[in-house]
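Quick mapping for you: the protein sequence lines, in order, are chains A and B.
To get the working numbering, take the position in the first sequence, counting from 1, and add 143.
To get the working numbering, take the position in the second sequence, counting from 1, and add 143.
Glycine included, each C-beta is placed from N, C-alpha and C at the ideal position.
Comments concern the structure below.
There are 2 protein chains.
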Amino acid sequence: MSISERKKKILAIVVEEYIRSAEPVGSKAIAQSGQLKCSSATIRNELAELVALGYLEQPHTSAGRVPTPMGYRMYVNELMDRQRLGIQETEELNRRLNQKLQELDATIGAVSRLASQLTNYPALALTSSTSVTLKRIDLIYVDANTFIIVLMLSGNTVKSKLVKLPVSVDQEMMQRLSTLFNASFLGISASEMNPVLIHATEQAADDSLGLTAVIAAFAIETLTEANAPSASVFGENRLLNQPEFRDPDKAHRLMSYLAGGGYILPPSDTPGQTGEVKVFIGPENVAEELKDSSVIIASYDAGDNTRGLIGVVGPTRMDYSAVAAKLSVLAAGLSRRLGAGEAPPEGMHNKLIIKEPEDKHE
Amino acid sequence: MSISERKKKILAIVVEEYIRSAEPVGSKAIAQSGQLKCSSATIRNELAELVALGYLEQPHTSAGRVPTPMGYRMYVNELMDRQRLGIQETEELNRRLNQKLQELDATIGAVSRLASQLTNYPALALTSSTSVTLKRIDLIYVDANTFIIVLMLSGNTVKSKLVKLPVSVDQEMMQRLSTLFNASFLGISASEMNPVLIHATEQAADDSLGLTAVIAAFAIETLTEANAPSASVFGENRLLNQPEFRDPDKAHRLMSYLAGGGYILPPSDTPGQTGEVKVFIGPENVAEELKDSSVIIASYDAGDNTRGLIGVVGPTRMDYSAVAAKLSVLAAGLSRRLGAGEAPPEGMHNKLIIKEPEDKHE
DNA sequence: GTTGGCACTCTCTTTCTTCGAGTGCTAATA
DNA sequence: TATTAGCACTCGAAGAAAGAGAGTGCCAAC
């Protein structure tokens, strides 16, 4: 069922005005906005119909109108003009991105912090569960009681750890272990590094000191950690800027939910390609705590077939357009730097595809 | 100037009752608490004097009394019974600590998170500015375009990074560089790794590819980062539990201050020995944003002459006794695991020394 | 020095009133 | 038929007034 152009126009004005002011929008204000050439009375009629259709609602009888989640959805899908950042802004953003990029872990933290700063909403960084494996193991002999384990993972990240032992080892033993590990432990998952394999390696290395176990434990732990979906959140406090979170209890609920880190995407909503931005409005979110908030998520290529997500949480009255644009650029920038190889074509970083979640019942 | 025992007793009751209830404490309530055998009228007289002395104040004429910062200070210094955690509780805490300990960086994050959980206040982890130097540099050759830099720092932490080059290098060159770096770059500070030294090394290594610069840059960056005092905060949202932060603006102010990460200790307040807990009450804090909050900080030995701090922030109406006890145990546990060597004597972990900040004017 | 008694003060809560924005409806108009 | 002007009505927000209650300070008695 489609609605008239004028209704769409009015809906867009209501949404934008409400996003700006956080106050219910009245017919008069719409008429005065000068974007329509009809009187407030006409607009009142239209508004009444938009309410009947479910796009708007009234907090109470004699208040202005406020968009419903369905209204926002319509706005996001069809009405809003996809903002593109100006060249200047894009460059500024990329510049800030450049400063931050060192190592994957630190990066995603830094980027979500950046996202939060830019949008003035709490931001979350998610890495979806992946299958990182070992690419290489090195053991560096420091002294008789000390060595360093260096693991290179398939994501091209490197993890290292210093190990101090109560017993002494010699370099030759380390050499042997290193060779064995590189032979047996590469390319397999953490769960495949089972006691049997470890024991076999131990035997083969003639290791009576338990080094094998130490190294394997570190490998398993590192892989498990790298594979686990992780979430980090920054800028929770920015929620308190929003009038809808002036109630400390409400704010607290959402903030602890976010701090808990268990953000779940609506089912079957695997993130799409880089630059694509998904918007989850209010009840579209699965988590109870998010039912009256919105989440905007962009996906980026973290290299090695891994995708990362970076998102922003806010009230349903969010500046979807601006946030989506910013996230899109951030994600593109991240992809370009972390991604597998093929640099996206120039200009791509500013493209913006907005998808709605798959299951949009409700 | 000393005050009578009874006044002290009353002050203690007021503080504790206020900590518990967050409401001004009246004379009647004190009398009824049964800890004193005199009437409310007598207590009223005493209260009036305590107000005159500056230990208590009245929000308004006909309200109960509330401790002033000076009152809290007196309480912390002399009145409160130093809580000791029960054996059971201590063990529980240590158990949780055990799970968390992997690597220094991750650890302090995890521990401050733990501190926040245990105390239900926001927690901060600080590493004071130290002078970490390089202890060792290794270069691992991966393939012609790729190598790994492994730095071992004086704190016995290890940092590594994968470097991809647009040009190819050979193993022999890496060997040469590695030797040179280990000869010239160990034990010096980041600022001493100046262009002159780098250039000299570059020359000596006959490096026309700029590898030297890359490695040096990573070394400098790593050291700078390791040396910089860093702060991380967890559980900001717990502030919203506290009635004194029901005002979202107030909460927001403090939370953004904390998120900013620039927590500064009162001047000359270098943290003391492990197990020692310092309490900064309201205006004793230097930061404007903390003038009506309290900070409790424990210091731990992070190994290699480095001290770390772990602290908790809350309203002045804080459960000093309980928080101090918990932090003390946490700090002791951390020291035991990270610290240089000499394990603290058994039982030490439960000892609690509370120091006031040096400059206590105001 | 301690106690009971009592008038007083001040905030918090509740209730009531007022104000105004915005609506829905009707009748007139293009 | 769509639009517009006009107007009575509704409902929340904000302010004022009144009442309740907790706690005090002080006085006189013990």
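Mind pulling the chain A residues with CB within less than 7 angstroms of residue i?
{"i": "D281/B", "result": "I283"}
{"i": "R389/B", "result": "P391"}
Based on DSSP bridge pairs, tell me the residues matched to residue i.
{"i": "M295/A", "result": "R279/A and V301/A"}
{"i": "G451/A", "result": "T270/A and Y443/A"}
{"i": "L199/A", "result": "P210/A"}
{"i": "D435/B", "result": "In the DSSP output, where bridge partners are listed per residue, D435/B has none listed."}
{"i": "T322/B", "result": "Bridge partners of T322/B: none, in fact."}
{"i": "F290/A", "result": "Y284/A and V306/A"}
{"i": "I424/A", "result": "S437/A"}
{"i": "A356/B", "result": "None; A356/B has no bridge partner."}
{"i": "S170/A", "result": "Answer is none; S170/A lacks a bridge partner."}
{"i": "P458/A", "result": "S436/A"}
{"i": "A475/B", "result": "Partner(s): none; A475/B has no beta bridge."}
{"i": "V376/B", "result": "L267/B"}
Between residue i and the rest of its own chain, which residues show a CB-CB distance below 7 angstroms, the 5 nearest in sequence each way excluded?
{"i": "H395/B", "result": "none"}
{"i": "A347/B", "result": "L323"}
{"i": "T262/A", "result": "V455, V466 and K469"}
{"i": "Q385/B", "result": "G457 and P458"}
{"i": "S182/A", "result": "A174"}
{"i": "S321/B", "result": "I280, D281 and L282"}
So residue i contacts chain A; which residues on that side make the cut at Cβ distance below 8 angstroms?
{"i": "M213/B", "result": "By Cβ distance, chain A contributes nothing, its closest Cβ being about 29 angstroms from M213/B, past 8 angstroms."}
{"i": "G378/B", "result": "A402"}
{"i": "S372/B", "result": "Checking the displayed sequence, the identity of residue 372/B turns out to be Pro instead of Ser. Those within 8 angstroms of P372/B in chain A number zero; the least Cβ separation is about 17 angstroms."}
Taking residue i as the query, report the chain B residues whose CB atoms sit under 8 angstroms from its CB, ordered along the chain.
{"i": "L305/A", "result": "M295, N299, T300 and V301"}
{"i": "L383/A", "result": "P391, D392, A394, H395 and M398"}
Tell me the rounded alpha-carbon separation between residue i and residue j.
{"i": "A362/A", "j": "D286/A", "result": "21 angstroms"}
{"i": "T459/A", "j": "L199/A", "result": "13 angstroms"}
{"i": "F377/B", "j": "Q175/A", "result": "47 angstroms"}
{"i": "G330/B", "j": "I358/B", "result": "16 angstroms"}
{"i": "L282/B", "j": "K304/A", "result": "15 angstroms"}
{"i": "T289/B", "j": "I156/A", "result": "54 angstroms"}
{"i": "L308/A", "j": "E345/A", "result": "17 angstroms"}
{"i": "F328/B", "j": "T300/A", "result": "25 angstroms"}
{"i": "N493/A", "j": "G476/A", "result": "Summary for N493/A: the model assigns pLDDT 47, below 50, so the residue's position carries little reliability; its value from the coordinates is reported in the next sentence. Cα to Cα, N493/A sits roughly 10 angstroms from G476/A."}
{"i": "K150/B", "j": "G451/B", "result": "38 angstroms"}
{"i": "V472/B", "j": "V455/A", "result": "37 angstroms"}
{"i": "P212/B", "j": "E419/B", "result": "21 angstroms"}
{"i": "T273/A", "j": "I497/A", "result": "24 angstroms"}
{"i": "P210/A", "j": "A165/A", "result": "11 angstroms"}
{"i": "R381/A", "j": "V339/B", "result": "45 angstroms"}
{"i": "V310/A", "j": "L352/B", "result": "41 angstroms"}
{"i": "Q260/A", "j": "Q231/B", "result": "43 angstroms"}
{"i": "M317/B", "j": "N325/A", "result": "21 angstroms"}
{"i": "L383/A", "j": "A184/A", "result": "37 angstroms"}
{"i": "M238/A", "j": "T417/A", "result": "A small fix is needed here, since residue 238/A is Arg in this sequence, not Met. So the two alpha carbons sit approximately 19 angstroms from each other."}
{"i": "I291/A", "j": "I280/A", "result": "10 angstroms"}
{"i": "L267/B", "j": "N428/B", "result": "15 angstroms"}
For residue i, which residues of its own chain have a beta-carbon under 8 angstroms away from its beta-carbon, when the five flanking residues on both sides are left out?
{"i": "I153/B", "result": "I173, L179, I186, E189, L190 and L193"}
{"i": "L296/A", "result": "V275, T276, L277, K278, K302, T365, L366 and A369"}
{"i": "Q226/B", "result": "S464, A465, A467, A468 and L495"}
{"i": "E379/B", "result": "P265, M398, L401 and A402"}
{"i": "I341/A", "result": "T355, A356 and A359"}
{"i": "L228/B", "result": "L236, A468, K469, V472 and N493"}
{"i": "L240/B", "result": "V254, L257, L473, G476, L477 and R480"}
At a CB-CB cut-off below 9 angstroms, which residues of chain A make contact with residue i?
{"i": "L329/B", "result": "Those within 9 angstroms of L329/B in chain A number zero; the least Cβ separation is about 13 angstroms."}
Show which residues of chain B have a CB atom less than 9 angstroms away from the CB atom of residue i.
{"i": "K291/A", "result": "First, the amino acid is wrong: residue 291/A is Ile here, not Lys. Ordered by position in chain B, the residues that pass the 9 angstroms Cβ test against I291/A are R279, D281, V293, M295, V301 and S303."}
To which residues of the same chain is residue i closer than 6 angstroms at the C-beta, ignoring the five residues directly before and after it?
{"i": "Q314/A", "result": "Y284"}
{"i": "E160/A", "result": "V168"}
{"i": "A207/A", "result": "Reading off the sequence shown, one finds Gly at residue 207/A, where the question assumed Ala. P167, V168 and G169."}
{"i": "A445/A", "result": "G451 and L481"}
{"i": "V158/A", "result": "P210 and Y218"}
{"i": "A441/A", "result": "V420, I453, L470, S471 and A474"}
Within the present structure, is the beta-carbon of residue i separated from the nearest heavy atom of the ligand PLP by less than 7 angstroms?
{"i": "T270/A", "result": "Summarising the ligand content, the structure contains no ligands, and the ligand PLP is consequently not present."}
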